[in-house]
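Quick note, in this note's numbering, the sequence shown goes up one by one and the last residue is 274. Yeah, the Cβ is synthetic: ideal placement off N, Cα and C, and Gly gets one too. In this text the structure is predicted, and so the values were computed from the model without any measurement.
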Amino acid sequence: MGQNLKTAGQLRPIDLARAHGLSTQAVRNYEEAGILPAAARTASGYRAYTPLHAGALRAFLALLPGHGHRTAAAVMRAVNAGAADEAFRLIDESHAQLLDDRRTLQAVENALRDLDPAPPPEPGGTFVGPMAAKLGVRPATLRKWEKAGLVHPHRDRRTGYRVYDEAAVRDARLTHQLRRGGYLLEQIAPLIAQVRAAGGLEPLEAALHDWHTRLATRARALLTGAAELDAYLRERARADGPAT
Numbered sequence: 031m032g033q034n035l036k037t038a039g040q041l042r043p044i045d046l047a048r049a050h051g052l053s054t055q056a057v058r059n060y061e062e063a064g065i066l067p068a069a070a071r072t073a074s075g076y077r078a079y080t081p082l083h084a085g086a087l088r089a090f091l092a093l094l095p096g097h098g099h100r101t102a103a104a105v106m107r108a109v110n111a112g113a114a115d116e117a118f119r120l121i122d123e124s125h126a127q128l129l130d131d132r133r134t135l136q137a138v139e140n141a142l143r144d145l146d147p148a149p150p151p152e153p154g155g156t157f158v159g160p161m162a163a164k165l166g167v168r169p170a171t172l173r174k175w176e177k178a179g180l181v182h183p184h185r186d187r188r189t190g191y192r193v194y195d196e197a198a199v200r201d202a203r204l205t206h207q208l209r210r211g212g213y214l215l216e217q218i219a220p221l222i223a224q225v226r227a228a229g230g231l232e233p234l235e236a237a238l239h240d241w242h243t244r245l246a247t248r249a250r251a252l253l254t255g256a257a258e259l260d261a262y263l264r265e266r267a268r269a270d271g272p273a274t
């Protein structure tokens with residue numbers, strides 16, 4: 031049966047699986063999820079795939095690194111349902127997210143470049159009034175930043191006043207710099223999160239190169255996925271034949 035399928039230009043699940051380092055169950059799961067077009071069945075009830083299915087699988091696997099499983103699967107389902115515009119919209123969203131990530135990286139780099147050298151931390155931290163005076167803002171502004179999660183001062187046990195330790199001073203200074211650059215509080219939040227995840231400004235500087243590399247890798251993956259998807263779309267058009 032297997033030899034007859036191959037001779038007829040058809041492929042067994044194991045043929046697709048071996049060609050892409052997958053299990054036959056994975057291939058069947060992809061078909062059931064709509065990632066692959068529905069396969070024809072032989073007289074014995076076996077799935078009979080074609081080069082078109084192989085093209086769909088290549089396209090999906092190429093889309094995965096740039097878009098992630100959920101979006102890549104949604105793109106393939108849309109294409110297989112004849113809804114190419116929906117597939118293109120999903121692809122546009124991934125590119126838009128990548129552009130947002132690039133803008134976030136650029137904002138961090140600009141803020142770090144323009145940030146004045148940090149003054150030595152004060153023993154015991156800095157109270158909200160002096161902190162506001164150093165930045166040239168009102169204490170109410172600092173409290174607003176705190177409410178937005180951008181700064182995390184602690185409370186003095188004796189007085190209950192807000193005290194900014196070295197990390198809180200860093201976050202306040204960076205927030206102030208970004209606000210001067212025109213960024214909204216909701217835009218600043220992920221940038222501050224990056225600084226905290228890196229463990230400060232100096233470690234973040236070292237992480238920026240890796241951040242650039244990840245974005246470049248994802249951009250290249252989006253291109254690779256687009257090329258394979260385009261090839262699959264062309265295959266589908268040829269399989270459908272000329273319109274009547």
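Exposure label - residue i; buried when at least 16 CB within 10 Å
i: R200; result: buried
i: K36; result: Low confidence applies to K36: its pLDDT is 45, below 50, so where it sits in the model is not reliable, and the reading given next is rough at best. Exposed: under 16 other Cβ atoms inside 10 Å.
i: E216; result: exposed
i: H97; result: buried
i: Q40; result: buried
i: G255; result: buried
Residue i - DSSP class collapsed to helix/strand/coil
i: Y79; result: strand
i: A256; result: helix
i: L292; result: With the chain represented from 31 up to 274, any question about residue 292 goes unanswered, as that position is not in the structure.
i: N142; result: It is worth fixing the name first, because residue 142 is Leu in this sequence and not Asn. Three-state DSSP puts L142 in a helix.
i: A163; result: helix
i: L35; result: Legend: pLDDT at L35 = 40, less than 50; position of this residue unreliable, value from coordinates given subsequently. Reduced to three states, the DSSP call for L35 is helix.
i: A108; result: helix
i: A269; result: helix
i: G211; result: coil
Beta-ladder partner(s) of residue i, from DSSP
i: T156; result: Y194
i: H184; result: V193
i: A70; result: A78
i: L129; result: For L129, which the question treats as bridged, DSSP gives no partner whatsoever.
i: L41; result: Y79
Residue-level contact to chain D via CB, residue i, 8 Å cutoff
i: N59; result: Here chain D cannot be found, since the structure has a single protein chain.
Span of the alpha helix (DSSP H) around residue i
i: A170; result: 169 to 177
i: L221; result: 215 to 228
Inter-residue Cα distance where the pair is residue i and residue j
i: L52; j: L46; result: 8 Å
i: P81; j: I44; result: 14 Å
i: L231; j: P220; result: 14 Å
i: A114; j: A251; result: 20 Å
i: V193; j: H184; result: 5 Å
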